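Participant: Please see the structure below; I have some questions.
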Amino acid sequence: MSNALFPRPEVIAILRAASADRFREVAELLYETGVRVIELTLTTPGAVDALADLRARLPGDVVLGMGTVLTEADVEVSVAAGAGCLFTPTCRPNVIEVAGDRGVPIVAGAATPTEIYDAYAAGASAVKVFPAAQLGGPGFLRAIRAPLPAPPLVPTGGVEISDVGEYFAAGAAAVGLGSPLLGDALQDGGLGALADRVRVALAARDAVPV
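Residue 1 is where the sequence shown starts when you use UniProt numbering, and the numbers rise one by one after that.
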């Protein structure tokens, strides 16, 4: 399902770690291997500075988002750092409204049909179905899409690389991948293994007819 934020299906790489020390080299590797949406997280010390650094370094066709945005102040600091998109695990209308006022799309979190509808009605550009695996995986997404076809859905949380194709086949606009994709790359792991995982995830996405 395409929309203004995700005109094509996207694999979102979620960078969350004890520090942002390796964010630059990991993000550059992600971009080189084909990932075009990268989410940094405010729970990572140094994430704001890292986002500003990456915005200056990476080409303009990559969407650099900030995740775990919970407050209006989080919106402001993230936008000031150059965030092109915001991600939040919650649905707070005031946060969604401020993001809209700043002209930055926001993906709000939800776990039930009511929450999904409310997030989209409040102005979220897409809705993060979280935690997707615990909610029922691709089957849950497919069931939600039947009565609620309008909201673009982004399953996140417990999504394995082996499930990526099924989520896109179930109608996901994008799929968020954290540790199953990043592994130990944000600590001291090899980037070659990360590149291999990225290629597998993107191949699974591309195998699903749009």
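Every residue, glycine too, gets a C-beta built ideally from N, C-alpha and C. None of these values were measured; they are calculated from a predicted model.
Taking the continuous beta strand (DSSP E) assigned at residue 87, which residues delimit it?
Facilitator: As a working note, residue 87 is residue 87 in the sequence shown. Residue 87 -> beta strand (DSSP E) spans 85-87.
Participant: Roughly how many angstroms separate the alpha carbons of residue 102 and residue 79, rounded to a whole number?
Facilitator: Within the sequence shown, residue 102 is the residue found at index 102, counting from 1. Within the sequence shown, residue 79 is the residue found at index 79, counting from 1. Their Cα atoms are separated by approximately 8 Å.
Participant: Could you pull the DSSP bridge partners for residue 65 from this structure?
Facilitator: Counted from its first residue, the sequence shown places residue 65 at position 65. Answer is 39 and 85.
Participant: Classify residue 10 as helix, strand or coil using the three-state DSSP reduction.
Facilitator: Reading the sequence shown from its first residue, position 10 is the one you call residue 10. Strand, per DSSP.
Participant: For a test of the three-state rule: what should DSSP assign to residue 165, helix, strand or coil?
Facilitator: Within the sequence shown, the letter at position 165 stands for residue 165. Residue 165 falls in the helix class under three-state DSSP.
Participant: Determine the direct distance from the alpha carbon of residue 13 to that of residue 6, and round the result to whole angstroms.
Facilitator: Within the sequence shown, the letter at position 6 stands for residue 6. Within the sequence shown, the letter at position 13 stands for residue 13. So the two alpha carbons sit approximately 14 Å from each other.
Participant: Looking only at DSSP bridge pairs, what is residue 175 linked to?
Facilitator: Here residue 175 is taken as the residue at index 175 of the sequence shown, counted from 1. Per DSSP, 11.
Participant: Under the three-state reduction of DSSP, which class applies to residue 4: helix, strand or coil?
Facilitator: Within the sequence shown, residue 4 is the residue found at index 4, counting from 1. Residue 4: coil per DSSP, three-state reduction.
Participant: I'd like to confirm the pairing. Which residues does DSSP put opposite residue 153 in its beta bridges?
Facilitator: Residue 153 sits at position 153 when you count from the first residue of the sequence shown. Partner(s): 127.
Participant: Shortest alpha-carbon distance to residue 147 belongs to which of 132, 134, 116 and 157?
Facilitator: On the sequence shown, position 147 is the one that residue 147 refers to. Out of 132, 134, 116 and 157, 116 has the C-alpha closest to the C-alpha of residue 147.
Participant: Going by the CB atoms, is the gap between residue 107 and residue 90 shorter than 9 Å?
Facilitator: Reading the sequence shown from its first residue, position 90 is the one you call residue 90. Reading the sequence shown from its first residue, position 107 is the one you call residue 107. No, Cβ-Cβ distance for residue 90 and residue 107 is not below 9 Å.
Participant: For residue 46, name the three-state secondary structure that DSSP assigns.
Facilitator: Counting from 1 along the sequence shown, the entry for residue 46 is found at position 46. Note: residue 46 maps to coil in three-state DSSP.
Participant: Given that a residue counts as buried once 16 or more other Cβ atoms are within 10 Å of its Cβ, and exposed if not, what is residue 205?
Facilitator: Position 205 of the sequence shown, counting from 1, holds the residue named residue 205. Residue 205 is buried by the Cβ-count criterion.
Participant: At the level of alpha carbons, what is the spacing between residue 32 and residue 44?
Facilitator: Within the sequence shown, numbered from 1, the residue matching residue 32 stands at position 32. Within the sequence shown, numbered from 1, the residue matching residue 44 stands at position 44. Looking at the two C-alpha atoms, the distance is approximately 23 Å.
Participant: Please state if the CB of residue 180 and the CB of residue 208 are separated by a distance shorter than 9 Å.
Facilitator: Here the question's residue 208 lines up with position 208 in the sequence shown. Here the question's residue 180 lines up with position 180 in the sequence shown. Against a cut-off of 9 Å, the Cβ pair of residue 180 and residue 208 comes out as no contact.
Participant: Given a threshold of 16 other Cβ atoms within 10 Å of its Cβ, counted over all protein chains shown, does residue 125 qualify as buried or as exposed?
Facilitator: On the sequence shown, residue 125 is found 125 positions in, with the first residue counted as 1. Counting Cβ neighbours within 10 Å, residue 125 comes out buried, since at least 16 surround it.
Participant: Could you check the C-alpha separation between residue 152 and residue 113 for me, to the nearest Å?
Facilitator: Position 152 of the sequence shown holds residue 152. Position 113 of the sequence shown holds residue 113. Answer to the nearest angstrom: the Cα atoms are 13 Å apart.
Participant: What span of residues does the beta strand (DSSP E) with residue 109 cover, start to end?
Facilitator: Walking along the sequence shown from the start, residue 109 turns up at place 109. Taken as a continuous stretch (DSSP letters only), the beta strand (DSSP E) holding residue 109 covers 106-110.
Participant: Please work out which residues of its chain come closer than 8 Å, Cβ to Cβ, to residue 144, disregarding the five sequence neighbours upstream and downstream, and give them in chain order.
Facilitator: Taking the sequence shown and counting its residues from 1, the one referred to as residue 144 is at position 144. 113, 116, 129 and 153, listed in sequence order.
Participant: Can residue 195 and residue 29 be called in contact, C-beta distance under 9 Å?
Facilitator: Counting from one through the sequence shown, the residue named residue 195 turns up at place 195. Counting from one through the sequence shown, the residue named residue 29 turns up at place 29. Result yes, Cβ atoms of residue 195 and residue 29 sit closer than 9 Å.
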